[in-house]
Amino acid sequence: MKFVLLFVGTPEDQDRFERMTPDERKAAMAGAGGWFHEYTQSGKIVGGEQLQGPKTVSTVRAENGQRIITDGPFIESKEVIGGFAILDVKDRDEAEEIAKKWPAGPVEIWPTVEN
């Protein structure tokens with residue numbers, strides 16, 4: 001089964017991350033890098049990326065039959081998605097066990113549609 005893990009935080013978390021010095025950012029990313037390495041090597045993570053902050057997002061939507069592009073995420077939220085990982089595991093329990101070992105903030109677990 002495939003699952004997408006979404007790594008979420010607040011806009012304040014994102015601002016703090018962006019204000020870090022290069023050395024602070026490197027140290028903060030070390031735990032995440034180790035987690036990704038472990039589960040990529042074991043074949044459990046089959047894809048994923050860190051995302052740029054919400055200030056870089058644009059949204060396309062339909063209004064009155066036309067496509068409109070606006071700056072920012074479409075969904076207003078108190079949290080932002082900082083990245084994602086795609087897992088290929090046997091079941092939700094295994095996805096949850098992997099997500100519990102994520103060394104940073106909250107993780108949403110989304111099953112994919114099986115074809």
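For the record, in the sequence shown the residue sitting at position 15 is 15 according to our numbering, with numbers rising by one throughout.
Every residue, glycine too, gets a C-beta built ideally from N, C-alpha and C.
**OP:** Under 8 Å by Cβ, that's how I've got Phe3 and Ile81 pegged, so tell me the actual separation to the nearest angstrom.
**Re:** Incorrect: roughly 15 Å between the Cβ atoms, too far for contact.
Original post:
Which residues in the same chain as Asp88 place their Cβ atom closer than 6 Å to its Cβ, once the five residues preceding and following it in sequence are excluded?
Top reply: Excluding residues up to 5 positions away in sequence, Lys2 and Val46 lie with their Cβ nearer than 6 Å to the Cβ of Asp88 in the same chain.
**OP:** Following the continuous alpha helix (DSSP H) through Ala99, name the residue where it begins and the one where it ends.
**Re:** Taken as a continuous stretch (DSSP letters only), the alpha helix (DSSP H) holding Ala99 covers Arg92 to Lys100.
Original post:
Is the distance from the Cβ of Trp35 to the Cβ of Pro111 below 7 Å?
Top reply: No, these two residues do not count as a Cβ contact at 7 Å.
Original post:
Does the Cβ-Cβ distance between Gly48 and Ile86 come in under 7 Å?
Top reply: Taking C-beta atoms as the reference points, Gly48 and Ile86 count as a pair closer than 7 Å.
Original post:
Where Glu18 and Lys55 are concerned, what is the direct C-alpha to C-alpha distance, given to the nearest angstrom?
Top reply: Spanning the alpha carbons of Glu18 and Lys55 requires a straight line of approximately 11 Å.
Original post:
Hey, how far is the Cα of Thr10 from the Cα of Pro106?
Top reply: Rounded to the nearest angstrom, the gap between the Cα atoms of Thr10 and Pro106 is 10 Å.
**OP:** Check whether the Cβ atoms of Gln14 and Gly65 lie closer than 7 Å to each other.
**Re:** No.
Original post:
Val60: buried (16+ other C-beta within 10 angstroms of its C-beta) or exposed?
Top reply: Around the beta carbon of Val60, fewer than 16 other beta carbons sit within 10 angstroms, so the residue counts as exposed.
**OP:** Could you check the C-alpha separation between Gln41 and Ile68 for me, to the nearest Å?
**Re:** Spanning the two alpha carbons is a distance of roughly 42 Å.
**OP:** Classify Val8 as buried or exposed, calling it buried when 16 or more other Cβ atoms lie within 10 Å of its own Cβ.
**Re:** Buried, since its Cβ has 16 or more Cβ neighbours within 10 Å.
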